[in-house]
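Reading through the structure tokens given below for one structure.
There are 2 protein chains.
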Amino acid sequence: MLQTAENRARRKNDPQGTRTNILDTAFELFQTRGYNGTSMQEIVAAAGVTAGAVHHHFATKKALGLEVIRQKVAASVEETWLQPLRSADSAPAAISAIIEGLARDMDARGSVRGCPLNNLTLELSFADPDFREELRHIFDDWRATLAKRLLEEAGRGISDAKDLAATVVATYSGAMALAKVEQSGEPLRIGARQLAILLRSR
Amino acid sequence: MLQTAENRARRKNDPQGTRTNILDTAFELFQTRGYNGTSMQEIVAAAGVTAGAVHHHFATKKALGLEVIRQKVAASVEETWLQPLRSADSAPAAISAIIEGLARDMDARGSVRGCPLNNLTLELSFADPDFREELRHIFDDWRATLAKRLLEEAGRGISDAKDLAATVVATYSGAMALAKVEQSGEPLRIGARQLAILLRSR
DNA sequence: ATAAACAAACAGGTTGTCCTGTTTGTCAAT
DNA sequence: ATTGACAAACAGGACAACCTGTTTGTTTAT
Numbered sequence: 281m282l283q284t285a286e287n288r289a290r291r292k293n294d295p296q297g298t299r300t301n302i303l304d305t306a307f308e309l310f311q312t313r314g315y316n317g318t319s320m321q322e323i324v325a326a327a328g329v330t331a332g333a334v335h336h337h338f339a340t341k342k343a344l345g346l347e348v349i350r351q352k353v354a355a356s357v358e359e360t361w362l363q364p365l366r367s368a369d370s371a372p373a374a375i376s377a378i379i380e381g382l383a384r385d386m387d388a389r390g391s392v393r394g395c396p397l398n399n400l401t402l403e404l405s406f407a408d409p410d411f412r413e414e415l416r417h418i419f420d421d422w423r424a425t426l427a428k429r430l431l432e433e434a435g436r437g438i439s440d441a442k443d444l445a446a447t448v449v450a451t452y453s454g455a456m457a458l459a460k461v462e463q464s465g466e467p468l469r470i471g472a473r474q475l476a477i478l479l480r481s482r
Numbered sequence: 281m282l283q284t285a286e287n288r289a290r291r292k293n294d295p296q297g298t299r300t301n302i303l304d305t306a307f308e309l310f311q312t313r314g315y316n317g318t319s320m321q322e323i324v325a326a327a328g329v330t331a332g333a334v335h336h337h338f339a340t341k342k343a344l345g346l347e348v349i350r351q352k353v354a355a356s357v358e359e360t361w362l363q364p365l366r367s368a369d370s371a372p373a374a375i376s377a378i379i380e381g382l383a384r385d386m387d388a389r390g391s392v393r394g395c396p397l398n399n400l401t402l403e404l405s406f407a408d409p410d411f412r413e414e415l416r417h418i419f420d421d422w423r424a425t426l427a428k429r430l431l432e433e434a435g436r437g438i439s440d441a442k443d444l445a446a447t448v449v450a451t452y453s454g455a456m457a458l459a460k461v462e463q464s465g466e467p468l469r470i471g472a473r474q475l476a477i478l479l480r481s482r
């Protein structure tokens with residue numbers, strides 16, 4: 281039975297705010313419990329909205345997941361990697377600074393939830409081609425931005441720059457996996473040091 | 281209503297075989313759909329056993345997952361990494377051969393499901409400490425075996441060997457993530473080449 | 001007036017787990 | 001050598017909780 285007008289809760293009527301709230305909450309829960317480990321009910325409860333509101337903005341859980349990747353995950357990589365990279369004087373110095381900054385954040389926070397992009401990639405990119413496509417775009421942008429900055433350095437060809445860019449992404453991603461399983465920032469610091477050596481040697 | 285004795289199926293009574301069958305099937309499904317993406321019913325159906333049989337050998341899904349990690353995932357790392365490493369003349373040569381062999385397998389197969397250890401680590405190691413503990417042991421063995429072999433090389437200290445071991449694991453793990461999202465063995469080949477350069481430079 | 005933005009309740013399928021009953025091997029007593 | 005007792009190894013559902021998605025109705029902005 282539906283409720284009467286008397287005791288029905290008032291609507292917020294803040295479409296942009298509600299939508300952003302749902303996206304932010306889903307991103308946080310996916311990051312802590314994973315996509316398949318998070319239920320719609322948990323998202324509804326944590327966001328403090330109703331199931332109807334979620335359904336109005338996102339028809340299915342998959343549609344919500346894809347939007348989280350397109351907006352939140354992409355923005356996260358943009359903020360932590362691409363912007364610092366573009367505004368830095370030296371690419372190798374920026375890479376070291378980014379990774380060591382993350383290691384410091386993790387140790388201060390006391391817990392490591394890992395890289396959102398890698399988390400969702402390993403969970404979903406084989407099982408679902410739609411997710412894979414969205415995730416792949418973000419990786420490609422990341423590698424392209426890195427390669428572009430590494431190409432500016434003296435005495436480096438395009439092929440070397442691309443290979444080094446892929447290696448930076450790989451070593452960072454794997455170090456983050458180690459950091460997650462050890463719950464420590466140390467693997468990231470090791471990775472940063474070894475990447476610095478590799479970037480100096482070429 | 282329970283079934284009568286007449287038309288009831290005969291028991292297999294092959295405890296070891298049934299148990300191994302369930303473990304193998306669960307490992308395969310976890311590898312393709314993830315832990316939370318796989319239901320008990322799917323495991324039951326794919327293994328061709330009954331729910332009762334699964335419950336007899338593994339009380340809960342989590343208990344089954346932990347056994348898959350302890351036996352199947354650990355054995356997979358042992359087979360592809362530790363044994364080749366121990367029996368090789370040169371550690372750097374073995375590392376290159378292992379990674380490039382995997383890249384060849386993937387291209388021949390036409391699909392990349394990723395590293396079972398990393399897949400489960402990113403999905404579960406933050407959300408559940410019991411899973412994390414089991415996964416961490418495997419990573420630690422992996423790094424220790426690598427460090428031991430890298431230490432044998434001339435002019436290398438224990439600290440450098442440990443750092444390089446962590447970097448080999450990290451770069452491989454991250455390259456496998458790239459391979460998964462690109463569905464190609466190429467990122468692994470790039471990682472192998474760059475690791476060879478790094479191992480030569482020190 | 002119309003349509004977007006929600007609130008509330010609900011439908012129907014799926015989930016992990018458990019329970020009861022039957023079959024088979026084992027081992028000791030006869 | 002046969003039998004009886006007992007425990008392990010399943011078969012076949014049963015079940016409540018939970019899952020995603022929808023529907024219906026009310027509120028607000030334009």
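Taken in order, these protein sequences are the chains called A and B. My numbering puts the first residue of the first sequence at 281, with every later residue one more than the last. My numbering puts the first residue of the second sequence at 281, with every later residue one more than the last. Don't be surprised by glycine CBs; every beta carbon is placed ideally from N, CA and C. Values in this document were obtained by computation on a predicted structure and should not be read as measured data.
- [ ] With DSSP collapsed to three states, give me the class of A388(A).
- [x] As a working note, residue 388(A) is residue 108 in the first sequence. Three-state result, A388(A): helix.
Open item on the list: Quick check: is the beta carbon of G317(A) nearer than 8 Å to any beta carbon in chain B?
Closed with: As a position in the first sequence, residue 317(A) is number 37, starting the count at 1. Closer than 8 Å: yes.
Task: Cross-chain neighbours of K460(A) in chain B, by beta carbon under 9 Å - done: Looking up residue 460(A) in the first sequence gives position 180. T401, L402, S405, F406, R412, listed in chain order.
Task: D443(A) burial status per 10 Å Cβ neighbour count (16 or more: buried) - done: Numbered from 1 along the first sequence, position 163 holds the residue referred to as residue 443(A). Buried, by the Cβ-count rule.
Open item on the list: I want to see whether chain A comes within less than 8 Å of G381(B), judged by CB atoms only; does it?
Closed with: Position 101 of the second sequence, counting from 1, holds the residue named residue 381(B). Not one chain A Cβ lies under 8 Å of G381(B).
Task: D256(A) in three-state terms, based on DSSP - done: Since the first residue shown for chain A is 281 and the last is 482, residue 256(A) is missing from the structure and cannot be characterised.
Task: Chain-ordered neighbours of P364(B) on chain A, where CB pairs are closer than 7 Å - done: Counting from 1 along the second sequence, the entry for residue 364(B) is found at position 84. Those do not exist, as P364(B) stays about 19 Å from chain A at its closest Cβ, beyond 7 Å.
- [ ] Counting only the same chain and skipping the five closest in sequence on each side, list residues whose C-beta sits under 8 Å from that of R366(B).
- [x] On the second sequence, position 86 is the one that residue 366(B) refers to. Same-chain partners within the cutoff: T425, R429.
Open item on the list: Beta carbons nearer than 7 Å to chain A: which residues of the region 295 to 324 of chain B have them?
Closed with: T312, R313, G314, N316, G317
Open item on the list: When you compare the CB of P396(A) with every CB in chain B, is at least one pair closer than 8 Å?
Closed with: Position 116 of the first sequence holds residue 396(A). No, no contact with chain B.
Open item on the list: If the criterion is Cβ atoms closer than 8 Å, does the pair G314(B) and A407(A) meet it?
Closed with: Taking the first residue of the second sequence as position 1, residue 314(B) is located at position 34. Taking the first residue of the first sequence as position 1, residue 407(A) is located at position 127. The answer is yes: Cβ separation under 8 Å.
- [ ] Would you kindly check if the distance between the Cβ of A455(B) and the Cβ of G471(B) is under 8 Å?
- [x] Residue mapping note: residue 471(B) aligns to position 191 of the second sequence, counting from 1. Residue mapping note: residue 455(B) aligns to position 175 of the second sequence, counting from 1. Going by C-beta atoms, G471(B) is nearer than 8 Å to A455(B).
Task: Through-space distance from R389(A) to H337(B), alpha-carbon basis - done: Residue 337(B) sits at position 57 when you count from the first residue of the second sequence. Residue 389(A) sits at position 109 when you count from the first residue of the first sequence. Approximately 40 Å, taken between the alpha carbons.
Open item on the list: Using a Cβ-Cβ cutoff of less than 8 Å, which residues in the same chain neighbour M281(B) once the five nearest sequence positions on both sides are dropped?
Closed with: If you number the second sequence from 1, residue 281(B) lands on position 1. Summary for M281(B): the model assigns pLDDT 33, below 50, so the residue's position carries little reliability, and this model does not support an answer.
Task: Segments assigned alpha helix (DSSP H), at least 4 residues, entirely inside the region 292 to 327 of chain B - done: 295 to 313, 320 to 327
TODO: Give the residues of chain B in contact with S481(A), contact being defined as C-beta atoms less than 8 Å apart.
DONE: On the first sequence, position 201 is the one that residue 481(A) refers to. The contacting residues are I477, L478, S481.
- [ ] Kindly indicate the opening and closing residues of the alpha helix (DSSP H) around S453(A).
- [x] Residue 453(A) sits at position 173 when you count from the first residue of the first sequence. Here the alpha helix (DSSP H) through S453(A) covers 438 to 462.
Open item on the list: Measuring only the C-alpha atoms, how far is E307(A) from V348(A)?
Closed with: The residue given as residue 307(A) occupies position 27 in the first sequence. The residue given as residue 348(A) occupies position 68 in the first sequence. This sequence places Phe at residue 307(A); Glu is not what is there. Using only the alpha carbons, I get a separation of about 6 Å.
TODO: Quick one: using the 10 Å Cβ neighbour count with 16 as the cut-off for buried, is G317(B) buried or exposed?
DONE: Your numbering for residue 317(B) matches position 37 in the second sequence. Result: buried.
Task: Whole-angstrom C-beta distance between S481(A) and I477(B), which should lie under 8 Å - done: Working through the second sequence from its first residue, we reach residue 477(B) at position 197. Working through the first sequence from its first residue, we reach residue 481(A) at position 201. About 7 Å; that satisfies the 8 Å criterion.
- [ ] Evaluate contact between the region 390 to 410 of chain B and the region 408 to 419 of chain A, counting only Cβ atoms and requiring at least three cross-stretch pairs below 8 Å.
- [x] no
Open item on the list: Below 7 Å on C-beta distance, what does G471(A) contact in chain B?
Closed with: Stepping through the first sequence from its first residue, residue 471(A) is reached at position 191. The contacting residues are T447, A450.
Task: Burial state of P467(B), where buried means 16 or more other Cβ atoms lie within 10 Å - done: Within the second sequence, the letter at position 187 stands for residue 467(B). Burial call: buried.
Open item on the list: Does any residue of chain B have a CB that is nearer than 8 Å to the CB of G465(A)?
Closed with: The sequence position of residue 465(A) within the first sequence is 185, counting from 1. Taking Cβ atoms only, chain B never reaches closer than 8 Å to G465(A), which makes this a no.
- [ ] May I ask you to report which of helix, strand or coil DSSP gives G471(B)?
- [x] To locate residue 471(B), count along the second sequence from 1; it is residue 191. Looking at G471(B) - three-state DSSP - the assignment turns out to be helix.
TODO: Taking 8 Å as the cut-off, decide whether the C-beta atoms of S453(B) and A459(A) are in contact.
DONE: Residue numbering aside, residue 453(B) sits at position 173 when the second sequence is read from its first letter. Residue numbering aside, residue 459(A) sits at position 179 when the first sequence is read from its first letter. Going by C-beta atoms, S453(B) is not nearer than 8 Å to A459(A).
TODO: Check whether the Cβ atoms of H473(A) and A446(A) sit closer than 8 Å, and answer yes or no.
DONE: The residue labelled residue 473(A) in the question sits at position 193 within the first sequence. The residue labelled residue 446(A) in the question sits at position 166 within the first sequence. According to the sequence provided, residue 473(A) is Arg. The question's His does not apply to it. It is not a contact, given that the beta carbons lie outside the stated cut-off.
Open item on the list: Can you confirm whether L426(B), when its beta carbon is compared against all beta carbons of chain A, has any partner nearer than 8 Å?
Closed with: Taking the first residue of the second sequence as 1, we reach residue 426(B) at position 146. Answer no: the Cβ-Cβ gap between L426(B) and chain A never drops below 8 Å.
Task: Residue interval of the alpha helix (DSSP H) (run including T425(B)) - done: On the second sequence, residue 425(B) is found 145 positions in, with the first residue counted as 1. Element bounds for T425(B): 409 to 431.
Task: Sequence-distant residues of the same chain with beta carbon closer than 8 Å to T300(B), five excluded per side - done: Taking the second sequence and counting its residues from 1, the one referred to as residue 300(B) is at position 20. Cβ neighbours of T300(B) beyond the five flanking positions: none.
Open item on the list: Just to confirm my understanding: we take S391(B), look at its own chain, exclude 5 residues before and 5 after, and list those with CB closer than 8 Å. What are they?
Closed with: If you number the second sequence from 1, residue 391(B) lands on position 111. Taken in chain order, the residues that qualify are Q463.
Task: Contact check, R384(A) vs Q311(A), beta carbons under 8 Å - done: Working through the first sequence from its first residue, we reach residue 384(A) at position 104. Working through the first sequence from its first residue, we reach residue 311(A) at position 31. No, the Cβ-Cβ distance between R384(A) and Q311(A) is not below 8 Å.
Task: Per-residue burial, A355(A) [other beta carbons within 10 Å of its own, 16 or more giving buried] - done: Taking the first residue of the first sequence as 1, we reach residue 355(A) at position 75. Flag for A355(A) reads exposed.
- [ ] With a cut-off of 8 Å on the beta carbons, I'd call I378(A) and V334(A) a contact; round off their distance for me.
- [x] In the first sequence, the residue the question calls residue 378(A) occupies position 98. In the first sequence, the residue the question calls residue 334(A) occupies position 54. Not a contact, Cβ separation roughly 34 Å.
Open item on the list: I'd like to check one pair, R469(B) with V461(A): are the Cβ atoms closer than 8 Å?
Closed with: By 1-based counting over the first sequence, the position of residue 461(A) is 181. By 1-based counting over the second sequence, the position of residue 469(B) is 189. Against a cut-off of 8 Å, the Cβ pair of R469(B) and V461(A) comes out as no contact.
Open item on the list: Cβ closer than 8 Å: which chain A residues qualify as neighbours of D385(B)?
Closed with: The sequence position of residue 385(B) within the second sequence is 105, counting from 1. Going along chain A, no residue has its Cβ under 8 Å from D385(B), so there is no contact; the nearest lies around 15 Å.
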